[in-house]
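Trainee: Residue numbers (this note's numbering), protein chains in the order written: chain A, 536 to 770; chain B, 1175 to 1713.
My questions all concern the structure below.
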Amino acid sequence: MPDGHAHAAPLDAHGHPHEPAHPKLQHHFDDMGQQAEASTLGMWVFLVTEILFFGGLFMCYLVYRWKSPSGFQEASFELNRVWGATNTAVLIISSLTMALAVRAAQTSAKRGTQVFFLGLTMFFGLVFLGIKAIEYTDKFVHHHVPGPHFHWDGQYPKPAEQFYSLYFAMTGLHAVHMIVGVGIMAVITWMAWRETFDEDYYTPVEVAGLYWHFVDIVWIFLFPLLYLIGGHFKG
Amino acid sequence: MDTITTAPTLNYLNSAHGLASWLLTRDHKRIALLYLVSVTAFFAIGGFFAMMIRLELVTPAADFVQPDTYNKLFTMHGVIMVFFFLIPSIPAVLGNFMLPIMVGAKDLAFPRINLLSWYIYVLGGLFTLTAAVTGGVDTGWTFYAPYSTASSNSHVIMAGVGVFITGFSSILTGLNFIVTVHRMRAPGLTWFRLPLFVWSHYATSLIMILGTPVIAITVLLVAVERGLHLGIFDPALGGDPILFQHLFWFYSHPAVYIMILPAMGVTSEIVQAFARKNIFGYAFVAFSSLAIAIIGFLVWGHHLFVSGQSTYAGLIFSILSFLVAIPSAVKVFNWTATIYKGAVSWDSPMLYAFGFVGLFTIGGLTGLFLASMGLDVHVHDTYFIIAHFHYVMVGGAIMGYLGGLHYWWPKITGRMYPEGWAKFAALTVFVGFNLTFFPQFIVGYLGMPRRYAMYAPEFQVYNVMSSAGASILAVGYVIPLIYFIWSLKYAPLAGKDPWGAKGLEWEIPSPPPTENFAVTPIVTERTHQYAPSREVGIA
Chain A
536 MPDGHAHAAP
546 LDAHGHPHEP
556 AHPKLQHHFD
566 DMGQQAEAST
576 LGMWVFLVTE
586 ILFFGGLFMC
596 YLVYRWKSPS
606 GFQEASFELN
616 RVWGATNTAV
626 LIISSLTMAL
636 AVRAAQTSAK
646 RGTQVFFLGL
656 TMFFGLVFLG
666 IKAIEYTDKF
676 VHHHVPGPHF
686 HWDGQYPKPA
696 EQFYSLYFAM
706 TGLHAVHMIV
716 GVGIMAVITW
726 MAWRETFDED
736 YYTPVEVAGL
746 YWHFVDIVWI
756 FLFPLLYLIG
766 GHFKG
Chain B
1175 MDTITTAPTL
1185 NYLNSAHGLA
1195 SWLLTRDHKR
1205 IALLYLVSVT
1215 AFFAIGGFFA
1225 MMIRLELVTP
1235 AADFVQPDTY
1245 NKLFTMHGVI
1255 MVFFFLIPSI
1265 PAVLGNFMLP
1275 IMVGAKDLAF
1285 PRINLLSWYI
1295 YVLGGLFTLT
1305 AAVTGGVDTG
1315 WTFYAPYSTA
1325 SSNSHVIMAG
1335 VGVFITGFSS
1345 ILTGLNFIVT
1355 VHRMRAPGLT
1365 WFRLPLFVWS
1375 HYATSLIMIL
1385 GTPVIAITVL
1395 LVAVERGLHL
1405 GIFDPALGGD
1415 PILFQHLFWF
1425 YSHPAVYIMI
1435 LPAMGVTSEI
1445 VQAFARKNIF
1455 GYAFVAFSSL
1465 AIAIIGFLVW
1475 GHHLFVSGQS
1485 TYAGLIFSIL
1495 SFLVAIPSAV
1505 KVFNWTATIY
1515 KGAVSWDSPM
1525 LYAFGFVGLF
1535 TIGGLTGLFL
1545 ASMGLDVHVH
1555 DTYFIIAHFH
1565 YVMVGGAIMG
1575 YLGGLHYWWP
1585 KITGRMYPEG
1595 WAKFAALTVF
1605 VGFNLTFFPQ
1615 FIVGYLGMPR
1625 RYAMYAPEFQ
1635 VYNVMSSAGA
1645 SILAVGYVIP
1655 LIYFIWSLKY
1665 APLAGKDPWG
1675 AKGLEWEIPS
1685 PPPTENFAVT
1695 PIVTERTHQY
1705 APSREVGIA
């Protein structure tokens, strides 16, 4: 990789000689600040597309919930709120550890600290997915998975099937994002172990953190919409 | 003009050799050429389907192909032309090449993501082509449910997955452009000094990142409903097919602006360069791009006037659709005012720009017919619609694409092309296009419905004209293909600024070096400043 030493130090816009380039500076950026700003803006823009991506599903949910409120309410009773609430707590804690991991990288903390928080984040992500797997299994056992084997004892079998169609589509898409997130965390943890990050270069941790928080926030919306709304009318 | 005898010794084309240096490149200019080749291939495939359609429609009976085959032909034509040609054409080829240079950057913000977007595009294309080869799709490019989810026996999932995947290539291109424009501009290059080509690509990118995810989730839901019988859109499963139409057009109407806005950007550049005047009303033209992008998101309901949407919703969508005409007209008026009293030269890029302005005007004005609810009931799903959107997409977007390709070809390859042939081809395209599509306005108004292999015998004369025009149009597209390939080796060298145009891209060698700029440029004024405005007498 070419660096500042290879040339007779060129002058920058203010007439000062350049500092030697950071080894992580890509050739098409002027400085580390520009590179970091580009990466974070890129992730924010990507998250906007993600909002629209989930937005289509939220739209479907809205329309069908409005069409058959009682059926959706009845169907949502069959979801296990304890598991749902536990998962919500797990994700909120994982967001905390994620934020601490970013902070650790930002302040050039020891690699042990960085790896600890990143590892914890990954761990909580896996706990979430494990609980989700338990819930999905339960739905399979009780024939609440839409399709030819769907069985419903309540008053509104059709809307219930539709509710579970949306439940699986929305939580499934969310789970796919969680799996991707855990994969990203694995890479970032490995990079942290190799002492890649310090106060001059921590953009990958920050960008991965943005993604992780986003996926958490999606769940913060999914949980009340799918598990809670209308619950206190049960009787 | 100086005689140029040698190309710059080291440029992006000869700096590395071998297939791997292309397939693993992160240079935006090389990726643009990868896109150029693949987009051209898809255009040829889509064009082949178009020719089959026109051949079938020469006679009123379904004699060349069976109706089932015909359904697959127009579906594949639509899917390939929309998702694999029109949407990526100008942004991914010309935008990819020019946008970083125009903002004075060495590359796009994310070169690896740029390459990734090309691979995603190719992968999506392979899925869709597999669907075409193994039996085709017959839903129309619109994939309307419940036909697509329950009734059709064709390869809907395969084609849908192809569209889904390709959507991400478009999202990544848009993301890259937005970040590049925000973060990579050269010193002194303020927002209001940006070339209008960059403004239009910025607006296009906004649509790409806001709209494309919605079509992605929608076709994904169609595939899931078809494969797993989840009840989302199929009324038999409790779903709502109108919801599909809403979600589909929420993207697919703005997608029309993904196709036309970049062509408008190209036209703005060409008009300034060949009228030797800076644009009339820069800020209006720049903001009209954003206005089209924003209003474009609020008009999708005009596709649902006859789908059972409420009259009041229709009324609102009708009014909003009329609003799009305002920024579009601003552009047309400002191009015209730019040409007025300009030192106009009639080189081939300018011919395409003239073609664009004229044909887009017809396409846009007939769009107003369709935005009127009452009239739309009469012409809905007729050839009037076909003619309208082909005037915008072929007469507009493809004219812009060809114009831009001719304008920047010397920059991209370092060589000129035979100008005489180029003029001839531009005229052939113009004549062939109008002969193909103008009769369709008439026959559509008379009541010929779209998407049928057969039609009433009294419509035959219009259809024969259309088919004849299509073959002329095809010739018009093949001629540039030949002389562009020929020019790579045999045409005279272009030098850095063959048109005498102004702009950052014309200040660097042709073909540009890999890093674009040896020294980061410092920008002090807008592009296309050909004369002090006081001398011309126009502020």
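Cβ atoms here follow ideal geometry from the backbone N, Cα and C, with glycine treated the same way.
#1: Less than 8 Å between the C-beta atoms of B:F1259 and B:F1217, yes or no?
#2: Using DSSP with H/G/I as helix, E/B as strand and the rest coil, what is B:R1200?
#3: Which residues of the stretch 1262 to 1284 of chain B have a Cβ closer than 7 Å to any Cβ of chain A? Give them in chain order.
#4: What's the call for B:T1347, buried or exposed, on a 16-neighbour Cβ count within 10 Å?
#5: Which class does B:T1233 belong to by DSSP, given the choice of helix, strand or coil?
#6: My guess is that A:P740 and A:A644 are in contact by the Cβ rule of under 8 Å, so how many angstroms apart are they, rounded?
#7: Beta-carbon within less than 6 Å of A:M594's beta-carbon, same chain only, minus the 5 sequence neighbours each way: which residues are those?
#8: Reducing DSSP to helix, strand and coil, say where B:P1623 ends up.
#9: Spatial neighbours of B:L1187 within its chain, please: C-beta separation below 6 Å, excluding the five flanking residues on both sides.
#10: If you drop the 5 nearest sequence neighbours on each side, which residues of the same chain put their C-beta closer than 7 Å to that of B:H1251?
#11: For A:V750, would you say it is in contact with chain B, using Cβ-to-Cβ distances shorter than 8 Å as the test?
#12: Using a Cβ cut-off of 8 Å (strictly closer), state whether B:I1646 contacts chain A.
#13: List, in chain order, every chain B residue whose beta-carbon is nearer than 7 Å to that of A:F581.
#14: Is there a Cβ from chain A that is less than 8 Å from the Cβ of B:P1387?
#15: Do the CB positions of B:T1354 and B:H1329 come within less than 8 Å of each other?
#16: Taking C-beta to C-beta, are A:V753 and A:F564 nearer than 8 Å?
#17: Per DSSP, which one or two residues make a beta bridge with A:D733?
#18: Just tell me which of B:L1193, B:I1513, B:L1380 has its CA closest to the CA of B:I1444.
#19: For B:H1356, which residues in chain A fall below 7 Å Cβ to Cβ?
#20: Along the stretch 1468 to 1485 of chain B, what residues have a CB closer than 8 Å to any CB found in chain A?
#21: Quick check: B:T1441 and B:G1577, are their CB atoms within less than 8 Å of each other?
#22: Since B:D1414 meets chain A, which of its residues come closer than 8 Å, beta carbon to beta carbon?
#23: Closer than 8 Å by beta-carbon distance: list the chain B residues that pair up with A:T584, in chain order.
#24: By how many angstroms is the C-alpha of A:V742 removed from the C-alpha of B:A1279?
#25: Under a Cβ-count criterion, where at least 16 other Cβ atoms within 10 Å of its own Cβ denotes burial, should B:K1203 be classed as buried or exposed?
#26: Taking the CB atoms as reference points, tell me whether B:L1363 and B:V1697 lie closer together than 8 Å.
#27: For B:L1417, which residues in chain D fall below 8 Å Cβ to Cβ?
#28: Skipping 5 residues on each side, what residues in its chain have a beta carbon closer than 6 Å to that of B:T1694?
#29: From B:W1196, B:Y1244, B:F1611, B:L1229, pick the residue whose C-alpha is nearest to that of B:Y1131; which is it?
#30: Quick check on B:W1582: buried or exposed, where buried means 16 or more other Cβ atoms within 10 Å of its Cβ?
#31: When you compare only the Cα positions, how much space is there between A:A695 and B:S1640?
#32: Could you say if the stretch 1544 to 1555 of chain B and the stretch 1400 to 1414 of chain B meet the contact criterion of at least three C-beta pairs nearer than 8 Å?
#33: For the candidate residues B:L1282, B:G1299, B:K1451, whose alpha-carbon lies nearest to that of B:E1689?
#34: What does the Cβ neighbour count give for B:F1424, buried or exposed, with the cut at 16 atoms within 10 Å?
#35: Within the present structure, is the beta-carbon of B:F1317 separated from the nearest heavy atom of the ligand COA by less than 7 Å?
#36: Quick check on B:T1392 - is its C-beta less than 8 Å from some C-beta in chain A?
Mentor: Put simply:
#1: As a first step, residue 1259 of chain B is located in the second sequence; it is residue number 85 there, counting from the start. As a first step, residue 1217 of chain B is located in the second sequence; it is residue number 43 there, counting from the start. The answer is yes: Cβ separation under 8 Å.
#2: In the second sequence, the residue the question calls residue 1200 of chain B occupies position 26. In the three-state reduction of the DSSP assignment, B:R1200 falls in the coil class.
#3: In summary, the residues of the stretch 1262 to 1284 of chain B whose CB is separated from some CB of chain A by less than 7 Å are A1279, K1280, D1281, A1283, F1284, in the order they occur in the chain.
#4: The residue labelled residue 1347 of chain B in the question sits at position 173 within the second sequence. Here B:T1347 is buried: its Cβ has 16 or more other Cβ atoms, across all protein chains shown, within 10 Å.
#5: Position 59 of the second sequence holds residue 1233 of chain B. Three-state result, B:T1233: coil.
#6: Counting from 1 along the first sequence, the entry for residue 740 of chain A is found at position 205. Counting from 1 along the first sequence, the entry for residue 644 of chain A is found at position 109. According to the sequence provided, residue 740 of chain A is Val. The question's Pro does not apply to it. That pair is no contact at about 11 Å.
#7: For the purposes of this step, residue 594 of chain A is taken as residue 59 along the first sequence, with counting starting at 1. Excluding residues within five positions, none has a Cβ falling inside 6 Å.
#8: Here residue 1623 of chain B corresponds to residue number 449 of the second sequence, with the count starting at 1. Strand, per DSSP.
#9: As a working note, residue 1187 of chain B is residue 13 in the second sequence. Hits under 6 Å: P1685.
#10: The residue you call residue 1251 of chain B lines up with position 77 of the second sequence. Excluding residues within five positions, the ones whose Cβ falls inside 7 Å are G1220, F1223, A1224, I1227.
#11: Numbered from 1 along the first sequence, position 215 holds the residue referred to as residue 750 of chain A. No, its Cβ sits nowhere closer than 8 Å to a Cβ of chain B.
#12: Position 472 of the second sequence holds residue 1646 of chain B. For B:I1646, the answer is no, since every Cβ of chain A falls outside 8 Å of its Cβ.
#13: As a working note, residue 581 of chain A is residue 46 in the first sequence. Neighbours of A:F581 across chain B, judged by C-beta separation under 7 Å: L1349.
#14: Your numbering for residue 1387 of chain B matches position 213 in the second sequence. The Cβ of B:P1387 sits closer than 8 Å to at least one Cβ of chain A.
#15: The residue given as residue 1354 of chain B occupies position 180 in the second sequence. The residue given as residue 1329 of chain B occupies position 155 in the second sequence. Taking the C-beta atoms as reference points, B:H1329 is found no nearer than 8 Å to B:T1354.
#16: Working through the first sequence from its first residue, we reach residue 753 of chain A at position 218. Working through the first sequence from its first residue, we reach residue 564 of chain A at position 29. Not closer than 8 Å, so no.
#17: The sequence position of residue 733 of chain A within the first sequence is 198, counting from 1. According to DSSP, which records beta bridges pairwise, A:D733 is partnered with A:Y736.
#18: Residue 1444 of chain B sits at position 270 when you count from the first residue of the second sequence. Nearest option by C-alpha distance: B:I1513.
#19: For this step, residue 1356 of chain B is matched to residue 182 along the second sequence. Residues of chain A passing the Cβ test: L576.
#20: Cβ contacts with chain A: none found.
#21: Here residue 1441 of chain B refers to the residue found at position 267 when the second sequence is read from its first residue. Here residue 1577 of chain B refers to the residue found at position 403 when the second sequence is read from its first residue. Cβ distance < 8 Å, so B:T1441 and B:G1577 count as in contact.
#22: As a position in the second sequence, residue 1414 of chain B is number 240, starting the count at 1. Near B:D1414 (Cβ distances below 8 Å), the residues of chain A are V598, Y599, K602.
#23: Sequence index remark: in the first sequence, residue 584 of chain A carries index 49 (1-based). Per Cβ cutoff of 8 Å: I1345, L1349, I1383, L1384, T1386, P1387.
#24: Sequence index remark: in the second sequence, residue 1279 of chain B carries index 105 (1-based). Sequence index remark: in the first sequence, residue 742 of chain A carries index 207 (1-based). Rounded to the nearest angstrom, the two C-alpha atoms are 23 Å apart.
#25: Translated into the one-based positions of the second sequence, residue 1203 of chain B becomes position 29. Flag for B:K1203 reads buried.
#26: Here residue 1363 of chain B refers to the residue found at position 189 of the second sequence. Here residue 1697 of chain B refers to the residue found at position 523 of the second sequence. Contact check for B:L1363 against B:V1697 passes: the beta carbons are separated by less than 8 Å.
#27: No chain D appears in this structure, whose protein chains are A and B.
#28: The residue you call residue 1694 of chain B lines up with position 520 of the second sequence. For B:T1694, where only same-chain residues beyond five positions count, the Cβ hits under 6 Å are A1360.
#29: Outside the displayed range of chain B (1175 to 1713) lies residue 1131 of chain B, so it cannot be described from this structure.
#30: For the purposes of this step, residue 1582 of chain B is taken as residue 408 along the second sequence, with counting starting at 1. So B:W1582 ends up on the buried side.
#31: As a working mapping, residue 695 of chain A is identified with position 160 in the first sequence. As a working mapping, residue 1640 of chain B is identified with position 466 in the second sequence. Rounded to whole angstroms, A:A695 to B:S1640 spans 52 Å at the Cα level.
#32: Contact fails: fewer than three Cβ-Cβ distances are below 8 Å.
#33: Locating residue 1689 of chain B in the second sequence gives position 515, counting from the first residue. Across the set B:L1282, B:G1299, B:K1451, the C-alpha of B:L1282 shows the shortest separation from the C-alpha of B:E1689.
#34: Your numbering for residue 1424 of chain B matches position 250 in the second sequence. A buried status is given to B:F1424, since no fewer than 16 other beta-carbon atoms sit within 10 Å of its beta-carbon.
#35: Because no ligand of any kind appears in the structure shown, any question about the ligand COA cannot be addressed here.
#36: Within the second sequence, numbered from 1, the residue matching residue 1392 of chain B stands at position 218. Taking Cβ atoms only, chain A reaches closer than 8 Å to B:T1392, which makes this a yes.
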